Amino acid sequence: MNENRAVKIAFVAALLFCLLPFIVQSLAVLAYRYEADDSEGVVLNQGWQILHGEDIYGRIDRYPFVTAVYPPLFPLAAALMIKLAGPRLLAGRLISFFSSLLLLLILFFVIKKKTAGYLPSLLCVSLLVSLFPFQNWACLCRVDLLAILFSFSALAVYLLAGESVLADEVIAGLMLLGLFTKQTALAVPATLLLHLIFTGKGKRAARIFLPLFALFASVFSLLLLITQGRYFSHTVLYVANAYSLPDALAIFWRTICNYPLFAVLAAALTFDSARKKDLLFPVYLAASFLVGLLSGKTGANYNFWLEFCIGFSVLASLAAARVMDRPEVRAFSASSRSVFLLAVAAQLLFASNYWLISRDYQNNLRTLSGEGDFISSFIKTVPGPVLTETAGLSILNGKPFLLEPFGMKVLAEEGLWDESPVLRDLNAQKFDLIAIKSNKGERSSRFTPKMLAAMKAHYVRLAVSPHWELLRPRDRKL
Numbered sequence: 009m010n011e012n013r014a015v016k017i018a019f020v021a022a023l024l025f026c027l028l029p030f031i032v033q034s035l036a037v038l039a040y041r042y043e044a045d046d047s048e049g050v051v052l053n054q055g056w057q058i059l060h061g062e063d064i065y066g067r068i069d070r071y072p073f074v075t076a077v078y079p080p081l082f083p084l085a086a087a088l089m090i091k092l093a094g095p096r097l098l099a100g101r102l103i104s105f106f107s108s109l110l111l112l113l114i115l116f117f118v119i120k121k122k123t124a125g126y127l128p129s130l131l132c133v134s135l136l137v138s139l140f141p142f143q144n145w146a147c148l149c150r151v152d153l154l155a156i157l158f159s160f161s162a163l164a165v166y167l168l169a170g171e172s173v174l175a176d177e178v179i180a181g182l183m184l185l186g187l188f189t190k191q192t193a194l195a196v197p198a199t200l201l202l203h204l205i206f207t208g209k210g211k212r213a214a215r216i217f218l219p220l221f222a223l224f225a226s227v228f229s230l231l232l233l234i235t236q237g238r239y240f241s242h243t244v245l246y247v248a249n250a251y252s253l254p255d256a257l258a259i260f261w262r263t264i265c266n267y268p269l270f271a272v273l274a275a276a277l278t279f280d281s282a283r284k285k286d287l288l289f290p291v292y293l294a295a296s297f298l299v300g301l302l303s304g305k306t307g308a309n310y311n312f313w314l315e316f317c318i319g320f321s322v323l324a325s326l327a328a329a330r331v332m333d334r335p336e337v338r339a340f341s342a343s344s345r346s347v348f349l350l351a352v353a354a355q356l357l358f359a360s361n362y363w364l365i366s367r368d369y370q371n372n373l374r375t376l377s378g379e380g381d382f383i384s385s386f387i388k389t390v391p392g393p394v395l396t397e398t399a400g401l402s403i404l405n406g407k408p409f410l411l412e413p414f415g416m417k418v419l420a421e422e423g424l425w426d427e428s429p430v431l432r433d434l435n436a437q438k439f440d441l442i443a444i445k446s447n448k449g450e451r452s453s454r455f456t457p458k459m460l461a462a463m464k465a466h467y468v469r470l471a472v473s474p475h476w477e478l479l480r481p482r483d484r485k486l
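Sequential numbering from 9 applies to the sequence shown in our numbering.
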């Protein structure tokens, strides 16, 4: 076996090994009963509401005080899955997991088409799954991966299917599905529109985007009519929280700071593409960056950088393929190629999150599962209403989710919600049990100060666990 072949085998082995944390994380989350992310239960609750004919875009001047900040497509899909799997987080997680797998498969073939090689394709997939936003969100009961699957599939059809009326209709339809799964799925529409205009394909741009705009306006108007205007309030007004540029940039920096070699490769390809006027993927990277940056509102998280992670992985893998194809590199295949491949593999191995495949990670999940069972044992036994900080604990134990603390706190601070009904019920001790997160004795700050004061005055501690505190009414025992 020659040196170059041995290096290639080692390179492929390193890339495949980088898939392990993603696989372990996904399987562990799929098997985990409780919320791995606090918003998972809210999405599950929406699917449960739809299954029972309830309006997820309801009024917020009466119970339940819950906002539905995303379009309805994922909750509709979750409702169908709940029919099969029951009211479990697995129902929504399976949607995201299979969306992730299909997205990775599409990415593989897109890069293979662009480079005519399997190494860049495998590098793109391995890099993407090693990035924390993708690794962490790939199978959560959240809307993100399904939305990205729809929108990136539109980009893939544009690249792979050639120009035809049918292809353009499919592209418009996929982008529409993306926008009604997550309203910030704008990177692909912006990229395609700009690319078509800059390449002088105005007629094709009109053929794709005029029907898209018309269909979007029609569906949006229909949802407004059905919900008496509340769809706009939930998905636009309630989402427009305070903006924080430092928070957005901090999350962005933590996303890519461990990947300097790939950042250099992506930047180099961007400049080279600008020189050659081949700007599709650089524009996609810029558009996804702007979407992530402008989403730096209160409560923003790594999921807003998921599309940037895809663009980053695509550019870095295409750049790696171009480096390998340079004449001066090909001339020294036994040395230059080997050094480059080893450097790429070392960078990826260094950055991947191998803590996820450690025994401590599995033990931590078992501990959290035991804690969830402990809290659930109390929730199941009380006959009356329960106030839980996260929706999962309510829904998984057959209790209605009555209040989303974080979302309603933000709306109260903005003067969009009156917390008086909740304060009145807290003061009257109408809740049989309150499950509130705690950290080293400090209660969660997701509730408004007035709610926390009412809890302190009218409720006492019933039980405590490492991450939760259970409260019962002061004037009666359970």
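Note that the Cβ used here is the ideal one computed from N, Cα and C, for glycine as well. Computed from a predicted structure; not experimentally measured.
{"Query": "Please report the distance separating the alpha-carbon of residue 271 from that of residue 320.", "Result": "8 Å"}
{"Query": "Check whether the region 130-142 touches the region 56-73, taking contact to mean three or more Cβ pairs, one atom from each stretch, closer than 8 Å.", "Result": "no"}
{"Query": "Contact between the region 287-305 and the region 195-203 is defined here as three or more beta-carbon pairs at a separation below 8 Å; is this criterion met?", "Result": "yes"}
{"Query": "What are the boundary residues of the beta strand (DSSP E) that includes residue 64?", "Result": "Segment: none, residue 64 is in no beta strand (DSSP E) and carries neither H nor E."}
{"Query": "Just to confirm the assignment, what range does the beta strand (DSSP E) spanning residue 481 have?", "Result": "476-481"}
{"Query": "Spatial neighbours of residue 186 within its chain, please: CB distance less than 6 Å, with the 5 preceding and 5 following residues excluded, ordered by chain position.", "Result": "155, 158, 159, 193"}
{"Query": "Does DSSP classify residue 251 as helix, strand or coil?", "Result": "strand"}
{"Query": "Look up residue 467 in the DSSP assignment and give the residues it is bridged to.", "Result": "481"}
{"Query": "Is it right to say residue 170 is buried, meaning 16 or more other beta carbons lie within 10 angstroms of its own, or is it exposed?", "Result": "exposed"}
{"Query": "Given a threshold of 16 other Cβ atoms within 10 Å of its Cβ, counted over all protein chains shown, does residue 21 qualify as buried or as exposed?", "Result": "exposed"}
{"Query": "Going by beta carbon distance, what residues of the same chain come within less than 6 Å of residue 19, once the five residues before and after it are set aside?", "Result": "349, 353"}
{"Query": "Suppose you measure from the CA of residue 80 to the CA of residue 41; what does that come to, to the nearest Å?", "Result": "24 Å"}
{"Query": "How big is the Cα-Cα spacing for residue 9 and residue 105?", "Result": "Low local confidence applies: a pLDDT of 31 at residue 9 is under 50, so the model's placement there is unreliable, and no value is given."}
{"Query": "Spell out the partners DSSP gives residue 411 in its beta bridges.", "Result": "73"}
{"Query": "Would DSSP call residue 68 helix, strand or coil?", "Result": "coil"}
{"Query": "What would DSSP say about residue 113, mapped onto helix, strand or coil?", "Result": "helix"}
{"Query": "Measuring only the C-alpha atoms, how far is residue 13 from residue 345?", "Result": "11 Å"}
{"Query": "How big is the Cα-Cα spacing for residue 257 and residue 302?", "Result": "10 Å"}
{"Query": "According to DSSP, residue 501 sits in a beta bridge with which residue or residues?", "Result": "Here the chain has residues from 9 to 486 only, and residue 501 is not among them."}
{"Query": "Which residues share a DSSP beta bridge with residue 395?", "Result": "442"}
{"Query": "Could you tell me whether the region 92-100 touches the region 118-126, where touching means 3 or more Cβ pairs closer than 8 Å?", "Result": "no"}
{"Query": "What did DSSP end up calling residue 10 once you bin it into helix, strand or coil?", "Result": "In this prediction, residue 10 scores a pLDDT of 42, lower than 50, which makes its location untrustworthy; no coordinate-derived value is stated."}
{"Query": "Specify the secondary structure class of residue 488 as computed by DSSP and reduced to three states.", "Result": "There is simply no residue 488 to check, as the chain begins at 9 and stops at 486 in what is shown."}
{"Query": "Which residues mark the beginning and the end of the alpha helix (DSSP H) in which residue 427 is found?", "Result": "Looking at the DSSP string, residue 427 is not in any alpha helix (DSSP H), and its letter there is neither H nor E."}
{"Query": "Is it true that the region 47-60 meets the region 377-387, where meeting means three or more beta-carbon pairs spaced less than 8 Å apart?", "Result": "no"}
{"Query": "Under the assumption that residue 328 contacts residue 273 (Cβ atoms under 8 Å), give the Cβ distance between them as a whole number of angstroms.", "Result": "6 Å"}
{"Query": "Please name the residue in 447, 230, 43 whose C-alpha comes closest to that of residue 474.", "Result": "447"}
{"Query": "Would you kindly work out how many angstroms separate the C-alpha atoms of residue 86 and residue 280, rounded to a whole number?", "Result": "43 Å"}
{"Query": "Taking residue 297 as the reference, which of 284, 315, 211 has the closest Cα?", "Result": "315"}
{"Query": "How about residue 312 and residue 299: do their beta carbons lie closer than 9 Å?", "Result": "yes"}
{"Query": "Does residue 193 come out as helix, strand or coil in the three-state DSSP assignment?", "Result": "coil"}
{"Query": "Evaluate contact between the region 458-468 and the region 430-440, counting only Cβ atoms and requiring at least three cross-stretch pairs below 8 Å.", "Result": "yes"}
{"Query": "Measure from the C-beta of residue 181 to each C-beta in chain B and report whether the shortest distance is under 9 Å.", "Result": "Looking at the structure shown, chain B is missing, and only one protein chain is on hand."}
{"Query": "Measure the CB-CB distance between residue 359 and residue 239 and report whether it falls below 9 Å.", "Result": "no"}
{"Query": "Quick one, are the C-beta atoms of residue 227 and residue 188 less than 9 Å apart?", "Result": "yes"}
{"Query": "Helix, strand or coil: how does DSSP classify residue 147 here?", "Result": "coil"}
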